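What follows is a single structure, written as structure tokens, with notes after it.
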Amino acid sequence: MIAAGVAGLLILGLLSHPAGGTVSVLAIAAAGILPWAIYRTRSHVSCVLLVLVLIEAVAASSFAATSDYQLGALVRYPLGFLFISPFLSSLWKSGILGKGGFRDYAIYLIWALVSVSYSILPEVSIARVFAAAIPFCAFCAIAVEVRSGDDARRVMGVLLTGCGIVVAANYLAMLIPGNTAWQLDTDAGMLRFVGFLTEPNEIGNLTLATLGAGFGYWPLASGRKKVLVALAMIGALVQVLMADSRSPLVGIAIGCALYMLFKYRAKGAIGIAVLYVIFYMSTFAIPSIHAYMDRGDVASFTGRQVAWDFAVHSIRQSPLLGYGYEVEGQILKNPYFPGWDEVWNLGYQTSLHDGYVSRAIGLGVPALLFWLFLTLRPAISCLFSKRDPWRLRSIVPLALLPVLILNFTESISDFRSFAGLLMALSWTILERERLFAKAEAALRVKSVEAEKTPLVRALQAGTV
């Protein structure tokens, strides 16, 4: 009787208010699924990655964008906290928040929280601090469970699974009658694929995350799993070509080139040179390719240069503190900003399309330098053979580096967006390996000292 009553109310709600009724249906479905999902993630913390990917998919979906209920925020904050709250106690006891880069990133987020006191939009800054802090805790909890290279690659596989689900959903969106899976680019005069997401750049983000996670998991995959990994990666690559999102492809190409150079050395250099010559000659031999590469205002990065110049001028006015965490788009509301295009007229929701400039605008130049230090330290450490006991070096060029390159033309937030999740996971496992290698080195030194005879110690002390 209760079920029948609820179903009747839902039908009435759908008839009288379709959007509200849809939200109600989703809420009731979530109420049935959530207890089981929380139980699963409590036993397997890496499964939280699936939740984070799906949260980003909902937040970036066209359904959330057209909803009057701020569906993205309603999903992101309560759902994120609901899944991470069971780990908070054990996370605190583990002590990982006081170690290495995890401690440093916590300091960075505290720095962001302090910026709320002087932010030009304090309510936006504090909301985005919590939007970053919740998944940060999730990644710290995942790091606690990563104790080997295989563990690190398995969590990459979990991220790949989540991205593969979104890639499959994008293909299904093409089959829905009257769908909006394609978006007309009025400047280029072409249709660009968006799936169920809001814009082609989101497809580029998704492809970057799928390929990076796929490269990370590939050495551990075998049999049918390799086929599924390949299908997910190829499917994502096809989608980014249909979406005509060029920046992620540039990052992936540079990352793959550096990987070939690093692994195969002279042969890799020759292979890269041959591929470049073939590509360069084809652009002149086939006019359509040359026209495609030069479409849009490439010289100004399709209009981004206008915003970047104004942002750099704004940084000079407040270089130490910035204007508040992740409110960089609001500076473009300044009447002296020369770009009056509607792309730059969304206030704090406007992206500067440069993550490094955005961080300097938000928290100041010192915070940007601190973030670069804590982000690049584990990647650089991993390149030294003695500091790479888990053999994760390939993750640097194939997963982390493409995201850092994309960050020059897209603003990638902390622990959010598909590319942001890949960057966060890559950094997490590399930092975990760095701390492990550091601890192992300290143990070796200690064991060597313990094996020395008292006479040797006395002689060393006398020499000193």
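Positions in the sequence shown are counted from 1; adding 112 to them yields the working numbering.
Here a beta-carbon is modelled for each residue, glycine too, at the ideal position from N, C-alpha and C.
Since we're looking at a predicted model, the values are computed, not measured.
In the DSSP assignment, Arg336 falls within the unbroken alpha helix (DSSP H) covering 336–355. The Cβ atoms of Leu225 and Tyr437 sit closer than 9 Å to each other. For Ser173, the secondary structure class from DSSP, reduced to helix, strand or coil, is strand.
When DSSP states are grouped into helix, strand and coil, Asp526 belongs to the coil group. For Met268, the enclosing alpha helix (DSSP H) has its first and last residue at 261–285. Scanning its chain for C-beta atoms nearer than 8 Å, with the 5 sequence neighbours on each side dropped, one finds around Phe242 the residues Tyr189, in chain order. Inter-segment contact for the segment 527–539 and the segment 302–317 is present: three or more beta-carbon pairs are separated by less than 8 Å. Within the DSSP bridge table, the entry for Phe305 names Trp294 as partners. Only exposed fits Phe485, as fewer than 16 other CB atoms lie within 10 angstroms of its CB. Take the alpha-carbon of Arg428 and the one of Ile167: they are about 36 Å apart. CA-to-CA, the gap between Ala280 and Leu475 works out to about 38 Å. Taking Ile524 as reference, the option from His465, Arg489, Ile390, Tyr371 with the minimal CA-CA separation is His465. Here Leu464 carries a coil assignment [DSSP, helix/strand/coil].
The beta carbons of Gly459 and Gly441 sit about 6 Å from each other, so the pair counts as a contact at 8 Å. In the structure shown, the three-state DSSP call for Asp421 is helix. DSSP, reduced to helix, strand and coil, places Gln429 within a helical segment of the structure shown. In the structure shown, Arg377 falls within a coil segment according to DSSP collapsed to helix, strand and coil. When DSSP states are grouped into helix, strand and coil, Arg499 belongs to the helix group. Phe195 and Lys379 have their alpha carbons spaced roughly 47 Å apart.
Residue state for Val439 is assigned as coil, using DSSP reduced to three classes. The way I'd put it, the segment 332–346 doesn't touch the segment 364–383; fewer than three beta-carbon pairs between them come closer than 8 Å. Ala250: member of the alpha helix (DSSP H) spanning 234–257, first to last residue.
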